[in-house]
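Be aware that the sequence shown starts at 14, since it is given in our numbering, and climbs by one per residue. The beta-carbon is built from N, C-alpha and C at its ideal position, and this holds for glycine as well.
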Amino acid sequence: MSAPDRIRTADRAVRAPKAARARKRWTPGEIVVAVVLSALVLIVASPVLYALLNSFRSYSEITIDPMGLPTSFSFDNYVQLFQQTDYGEALLNTLIITVVTVILLVALVPMAAYGIERVGGRTSRILYIVFIAGLMIPFQVRMIPLVKGFDDVGLYGTLTSVILVHLGGAASFGVLLYCSFIKGIPIEVEEAANVDGAGRLRTFWAIVFPMLLPVTSAFVIIQALGLWNDFFIPLVFLDSSSAGTINVAINRMVGLLTSQWQLIYTGAILAIVPSVAIFAAFQRYFVKGMSIGAVKG
């Protein structure tokens, strides 16, 4: 056999498995799974698509044909949303709450979990139980005492109260997540740093924290999305004189601007886009962090 024939034979041998896989027929079970998943995607995506299309339509278009398509893609509704409502202030409030809370969580929660895991002793066990208890006690049980306490110290109705409530709620989950991950970090790495003269705080930030980046990325995404989309806590702890957060602002528009549904749809889309963009951009870090955390735990 000549060299060209051998090359063609080898090429056919490589293509044969690919062709076989291409001709593979779906089993009934795979078809059912595909149909169910497609239906779920449609159920989840259809309200978002409906709001997106109506954000480009006028009031008359929506009232005449609620299920119709936009005749033109104009951004007039987006301009009017910021001109006629306090949505801009609400957007800024939401951004401040999200960014400040996430920064404080990343700065404090990993250190707390590290202290609980590495210091040990009765005090660490008690602190761990206290953090876990925070996951078991419903927020509705703590809500009235928190409102009264913040009102007594003059923090009720401020962004600080919302940030502190979120810190307390997220710290319990964060400590549980980080503790399960830190257990898998070899203690010998920290002992080597101590031999070189590094203190406990320096050892944590220089040695341990870089190892926590995968689980930190997952923790940040979970908390950022939860903070951005939260409605109940800002509704309770921010009084009516404040613009609130974007979800509170949208809720107020339903009562104040009932006839202006195009602005309500526009506000909803602006609330959805950042969270979807964040998750889409950092999805692989989220999956990696959660999978590594599960293995470590």
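Coarse secondary structure for residue i, derived from DSSP in three states
i: I198; result: coil
i: S73; result: helix
i: S253; result: coil
i: D209; result: coil
i: R265; result: helix
i: F88; result: coil
i: T12; result: Limits of the chain in this structure are 14 at one end and 310 at the other, which puts residue 12 out of reach.
i: R297; result: helix
i: G310; result: Note on G310: pLDDT 48, under 50, position unreliable in the model; no value is reported.
i: S193; result: helix
Which listed residue (the options) has its alpha carbon closest to that of residue i
i: F244; options: R70, N207 and N106; result: N106
i: V249; options: Y169, M124 and P41; result: Y169
i: V119; options: M156, S230, R265 and V286; result: S230
i: I176; options: Y72, F186, A262 and P247; result: P247
i: L276; options: I145, Y91 and Y298; result: Y91
i: T173; options: V112, S288 and L190; result: V112
i: H179; options: A125, Q296, I116 and L66; result: I116
i: S254; options: V300, T171 and Q96; result: T171
i: A103; options: W274, V49, G257 and S193; result: G257
i: M224; options: L238, F194, T136 and G128; result: F194
i: Q153; options: A52, V143 and G182; result: G182
Extent of the continuous alpha helix (DSSP H) run through residue i
i: W218; result: Note, W218: premise wrong, no alpha helix (DSSP H); not H, not E.
i: S59; result: P41 to N67
i: G128; result: Y100 to V132
i: P227; result: L226 to N242
i: S288; result: W274 to A294
i: L82; result: Run containing L82: none; DSSP gives neither H nor E here.
Inset, instruction - Could you name each continuous alpha helix (DSSP H) segment of 4 residues or more that falls completely within the stretch 149-190, going from the start of the chain to the end? - result: 152-165
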